[in-house]
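Accompanying notes for the structure given below.
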Amino acid sequence: MSTETESLLRVRGLTKHFPVREGFRARGAVRAVDGLDFDVRPGETLGLVGESGCGKTTTGRMLVRLLEPTSGTIEFAGRDITHARRGALRPLRQDLQIIFQDPYASLNPRHTVGRIVAMPLQVNGINPPGGIRKRVQELLELVGLNPEHYNRYPHEFSGGQRQRIGIARALALRPKLIVADEPVSALDVSIQAQVINLLRDLQRDLDLAFVFIAHDLAVVRHFCHRVAVMYLGKIVEIGDRDDIYQRPQHPYTRALLSAIPDVTALGPAGRIRLTGDVPTPLNPPSGCRFRTRCWKAQERCATEEPALVPRDGGAQLAACHYPENGPIGVVTSEPVEVSQ
Amino acid sequence: MRLKRAAATGGALALLVVMGACSENKGTDGDSGENRVQSGSIATDPKDSMGPAAEVAGAAKGGTFRVIRETKISHLDPQRVYSFAGLMNAPLYSRFLTTFKDDGSGKVTLVGDLAETPGTDVNKDCKVWEFKIKDGVKFEDGSAITSKEIAYGIARSFDPDLTGGPTYLQEWLANDPQYDTKWNFKANKTALPPGLTTPDAKTLKFEFAKPHCDLPFAASLPYTAPLKADKDTGVNLDNRPFSSGPYKITKNTAGVELVMERNENWDPKTDPVRHAYPDKIVWNYGPDAEAGANRVISDNGDDQAALAWNGVPSALVARVTGDASLKDRSVRGQTPSLWRLTINTQRVTDLSVRQALNYAIDRDGFVKAYGGEASAKAVTTLMPPSTIGWESYDAYPAGPSGNVEKAKELLAGKTPELVLGISDDSPELATQLKTNLEKAGFKITVKTIPTDAKLDEVGKKNNPYDLWTDQWAADWPSGAAILPVLFDGRSIKAENNSNTSYVNSDEINKEFDRILAMPAGDQGKEWAKLDKRIMTELAPAVPLFVEQGYYLHGSKVGGIYLSSIFGYPALTNAYVKQ
Amino acid sequence: MSLSPVEGAARAEMEPAADPVKPDEQGIVGRSPGQLAWARLRRDRTAMVSGVVLVLFVVLALAAPLIAKLYGVGPNEQFQQLLDGNGMPLGYVGGITGDHWFGLEPRLGRDIFIRMIYGMRTSLFIAFAAALVTTAIGVAAGILAGFLGGIVDTVISWITDVALALPFLIFALAVVPTVGLRFYGPREEVPPAFQVIVLIGIFAAFGWTSTARLVRGQVISLREREFVEAARASGAGLGHMLFRQLLPNLWAPILVAFSLAVPSYITGEAALSFLGIGILEPTADFGRMIFQSIPYLQTDPAYVFFPGVTIFILVLAFNLLGDALRDALDPKSSR
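Chains as they are written, first to last, in the working numbering: chain B, -5 to 334; chain P, 8 to 585; chain A, 118 to 452.
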């Protein structure tokens, strides 16, 4: 692992509040993302997981500046790009790219595949040696598509193939980091594996860093070096993949992991059931946001917000006053029904 | 298959339409209705002014007579009546100082209506006139009509609020075209205008500064209708006049109908021209010319006793003339309304150009463009044939379709650029003139003028046009009501001109004065000679045509004739067959 | 030539690195959504017939002077010697003869056939030009309002509402007759070209609103789509987003709006001429022809029939074609 000083992407206190307006008056805000801190090193994959509504897609959009952060900083390759203007962003755009979730909406139905993949080159006025067409065909080949198909239209391809086209487009400018926003969630399970394998090969061959946003922990395990778990706009646990999967410290992480269906295990799997709904991001609970659904919540959890710090001296950070410290599958205290 | 079906219905429709037009049009015989020669006299014998009026053959009393018209009559107040419909309707509910005995044949006699005779020229200088008022003439409420009431009627015509009527008497009494500045009616309601006096209840006297030998004619217009001072409702009299005639207004709903019923206090023995055959006379407003004509053609129900006032529109003429059963129900004849192409002599100063226009004009084509021989008859004189003493002549003989070659000769290679002003409701006439005149080498620019503004625009001395069409109908069938009005340069003012050719010739002006000072009976021939002289020496206009009247009524109507004075249907003899 | 999606997917999945490609080999051309739509249109018989009829009309209209030369009669020539004393055409069916195929106008005696050809030229020109201008303005306004949102959208939407609230007819009646006076002196002729431009202007001032609304709605639904975000994430500027990404997806509604605008302007111009504020004498014009012919329905039906039927066929053909176009461009199949 590289040291922290070589971070490619450095996020501190990233926040996004969406103001709720009644007419012209602001009546509060949806606190979608509330102070994120994380790093991504070159060639590393960081998985960003959580339930729907936890703010991970918003985070992804902010990283590529499709949304403006309300506060906080984003540093890329040592430069602060949080509020950079379009002109300054231009060179950065080449290094930071995004892959979208919906293979049907992410490609312009009126453009040929070749034009879609070539779009980043044309927009930035780049003419690669050998011509744009050659580069497009190279990219198509790279993602496992027939390069002769560059004159076809998206409606002639399957979902999996379209996602590959989206990946090819993201690779056009030789980026250093790709934000993958749930790239396989809309695909069949059988295809998901193919695409993930492709991403992994690309990462290895091109030394790409990824911020991999997903809600499916099984997929994340397959692909990511490090994992950050988000709940209601905050990161509750972050660490190496093995640490997170084998020794999850935050109760929420434990609950998520226990929910992964495991076809190899027989008999009841000791599933932790979380009762109640996710609270509203308009008015999150005080203190620890997870306390309303946590079976081990105490008074302290309501009054004092736990910081994201190492809890057992290791590299794993967890935001919990009473973290779990046993291996997965072992529950240190009896699950208790928690009222909302 | 929807295409096939559409084609089939389309084809069937087409066949239907075409079949309707399948008979051959072999042309017309050139007959435009009765051609009458106008002659007139003044009856000085009081016996001719006495009633009752001669009975109309076949007439019966009773029934309701209807008149269908598109728009309402603009004024009912006798002092404000000047439109044709108003002039034909006014005799039904009002009587005047003098009136014409007329049967539609062109022979008219001026007689006394409320007066015993058509006036006495006291000093034989046409400056002082006296009228004796008949006994036994009454208003609708039974009160007597005396010279005082007639004088009051004439006095109120000076009121600037009561606009619309003719202005001869007012201008002559005040000796000024701006007569309301000379005498203020509102301030002097109990007095009379200068020159008008009532020495006693039976006598009415006019004293003019200048001779006006036409006074007896001028007194036949409705502004001499009597009115009691306490019945004067000012501008509201327009809705409910106070009757002195055979009918009185009983209901007047604007835009819908006007209902008149018998006035029991009218004495037919005192009236030389009017009858009161129908019990009720109703004007129905609303249907336009086509609709009115079609209603009368179909002759159903109440329409059998109806007259379509807007006449037979030119589009329907072929239908009506082709139908023999409609012949008895048609009333046709000439009118005194003459159309001319006025030349603005201030701009078109070259006499040869004006004469060339007279040679180039294709009157036949223009008549066709206007609506055909049923609507118009070509004319080459400045006065219409309905003028007493009229003589036909052609100062610039060019044939019915004009003589383009002669015109070119006269122009001698010039191509004058002329601006033709046309009102925006008849642009085809402009196209006709433009095509016609450009064959002779003129270059015509057409400018459209909004219809209601046209009269005002061309009446301005400094208007920008060179040519436009004008129409004039004399108020009584004498050249005195035509030639001096239209061609005397001394009457030219900044706006509201009638002399729209803007000619001013001292010699011709002297002729006007000379003839006007002659006794009315002798003027006829002199006007005819002056007509020719003006055309030959000045060529201030190109005479075009005289309007022809063509009216249709239901099968139960009788007694309708075309007024020899105004050319519109006269209603005084109307009756409903029982 | 084309693989079915399933087959193609399976093959791509199983052979990630396909055959090595020669750089200068021509790629297999897929069928764009536009080409698919055209194929669908070709199969619709009504659309094809309408299309042929329209093309015929346009050709006739463009060739008007040539036709006048071949036919031998001009639009302003008068044949009053072929009219009777009442101004009605002699002969059968309103004066139809070998020289005058549709007969003569009453009163002025002009040839109806050649006047209709010229009238068609005027009407089609005004309708097409007005449709083009209103579509262009509407598309521009709609794209800007839809894409930029915020204050721009608010302002443009407000202007659209005002333009929709203004009564077109009253405005036209008030403005059209007086505009000529502003530019031409009391002795100068107002040329037909100017009248045409005024009419196009009046239509343009009021007609762009429906296209703007339509396009704005489409753009709003398109701008949130991820391919637009992908372009922005790649650094695309406003121009690229509007013209390269959005516009190709807007052609379908724009084309349909245009093809339905043309017939509405044909009838609109005819209606204005009917009211006397369209194209003036002596220029031939459908609306005025119909207006002048209606009183002659009983006495010379041919005069009403020919222009009436022609304008009916013209407008019907356009409407049928527009409907078929809308069906052919059905977005469901552009997936």
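Backbone N, C-alpha and C fix where the C-beta goes; we use that ideal spot for every residue, glycine too.
Under 8 Å between C-beta atoms, does residue 349 (chain A) make it to chain B?
-> For residue 349 (chain A), the answer is yes, since a Cβ of chain B falls inside 8 Å of its Cβ.
Would you mind telling me which residues of chain A sit closer than 8 Å to residue 169 (chain B), beta carbon to beta carbon, in chain order?
-> In chain order: nothing, as chain A lies at least about 10 Å away.
Below-8 Å beta-carbon distance, residue 194 (chain A) vs any chain B residue | So no, residue 194 (chain A) is outside the interface.
Rounded to whole angstroms, what's the CA-CA distance from residue 361 (chain A) to residue 118 (chain B)? Just pull it up for me.
-> 14 Å
Work out the CA separation of residue 210 (chain A) and residue 432 (chain P) for me, nearest whole Å.
-> 28 Å
So which residues of chain B does residue 357 (chain A) contact, with C-beta pairs closer than 7 Å?
-> 117
Using a Cβ-Cβ distance under 8 Å, would residue 320 (chain P) count as near chain A?
-> yes
Own chain partners of residue 422 (chain P) with C-beta closer than 6 Å, once the 5 adjacent residues on each side are dropped | 448, 450
Residues in its own chain within less than 6 Å of residue 316 (chain B) by CB, not counting five upstream and five downstream?
-> Short of 6 Å from the beta carbon of residue 316 (chain B), and not among the five residues preceding or following it, lie these beta carbons of its own chain, in chain order: 290.
Measure from the C-beta of residue 335 (chain A) to each C-beta in chain B and report whether the shortest distance is under 8 Å.
-> no
Which two residues bound the contiguous beta strand (DSSP E) that contains residue 555 (chain P)?
-> 548 to 560
Proximal residues to residue 280 (chain P) (C-beta, below 7 Å), its chain only, five neighbours per side dropped = Residues 60, 106, 108, 579 of the same chain have their beta carbon placed closer than 7 Å to that of residue 280 (chain P), with the five preceding and five following residues left out of the count.
Output yes if chain A places a C-beta closer than 8 Å to the C-beta of residue 324 (chain P); else output no.
-> yes
Bridge partner(s) assigned by DSSP for residue 5 (chain B) | B:32, B:68
Among P:304, P:413, P:575, which one has its Cα closest to the Cα of residue 361 (chain P)?
-> P:413
Where does the unbroken beta strand (DSSP E) through residue 412 (chain P) begin, and where does it stop?
-> Looking at the DSSP string, residue 412 (chain P) is not in any beta strand (DSSP E); the run it does join, the alpha helix (DSSP H), is 411 to 418.
Tell me whether residue 534 (chain P) sits in a helix, a strand or coil according to DSSP, three-state version.
-> helix
Give me the Cβ distance between residue 227 (chain A) and residue 195 (chain A), rounded to the nearest whole Å; I'm assuming they're in contact under 8 Å.
-> 6 Å
Of all Cβ atoms in chain A, is any one closer than 8 Å to the Cβ of residue 11 (chain B)?
-> no
Note the first and the last residue of the continuous alpha helix (DSSP H) segment covering residue 439 (chain P).
-> Taken as a continuous stretch (DSSP letters only), the alpha helix (DSSP H) holding residue 439 (chain P) covers 434 to 445.
Any idea if residue 277 (chain B) is buried or exposed, counting beta-carbon neighbours within 10 angstroms, 16 or more meaning buried?
-> Burial call: exposed.
Neighbourhood of residue 250 (chain A) by C-beta, 6 Å cutoff - its chain only, sequence neighbours within 5 removed | 321
At least one CB of chain B closer than 8 Å to the CB of residue 353 (chain A): is that the case?
-> yes
Taking the alpha-carbon positions, what's the residue 259 (chain P) to residue 77 (chain P) distance?
-> Taking the straight line joining both Cα atoms gives about 15 Å.
How would you list, in chain order, the residues of chain A whose beta-carbon sits under 7 Å from the beta-carbon of residue 431 (chain P)?
-> 393
Look at residue 471 (chain P) and residue 303 (chain A) and say whether their C-beta atoms are less than 8 Å apart.
-> yes
Using Cβ-Cβ distances below 7 Å, what residues of the region 273 to 300 of chain P are close to chain A?
-> Result list: 297.
So which residues on chain E does residue 160 (chain A) lean against when the C-beta distance must stay under 9 Å?
-> You won't find chain E in this structure, because its protein chains are B, P and A.
For residue 33 (chain B), I'd like the list of residues in its chain whose CB is within less than 6 Å of its CB, leaving aside the five on either flank, ordered along the chain.
-> 1, 4
Taking the Cβ atom as the reference point for each residue, do residue 226 (chain P) and residue 566 (chain P) lie within a distance shorter than 8 Å?
-> No; because the gap between Cβ atoms is not below 8 Å, this pair is not in contact.
Taking Cβ positions only, does residue 308 (chain A) come closer than 8 Å to chain P?
-> no
Under 7 Å by beta carbon: chain B residues contacting residue 436 (chain A) = Under the 7 Å cutoff, chain B gives no residues; its nearest Cβ is about 27 Å from residue 436 (chain A).
Would you call residue 228 (chain B) buried or exposed, if buried means 16 or more other Cβ atoms sit within 10 Å of its Cβ?
-> buried
Through-space distance from residue 129 (chain P) to residue 352 (chain P), alpha-carbon basis | 41 Å
Can residue 273 (chain A) and residue 280 (chain A) be called in contact, C-beta distance under 8 Å?
-> no
Tell me whether the beta-carbon of residue 316 (chain A) lies closer than 8 Å to the beta-carbon of residue 389 (chain A).
-> yes
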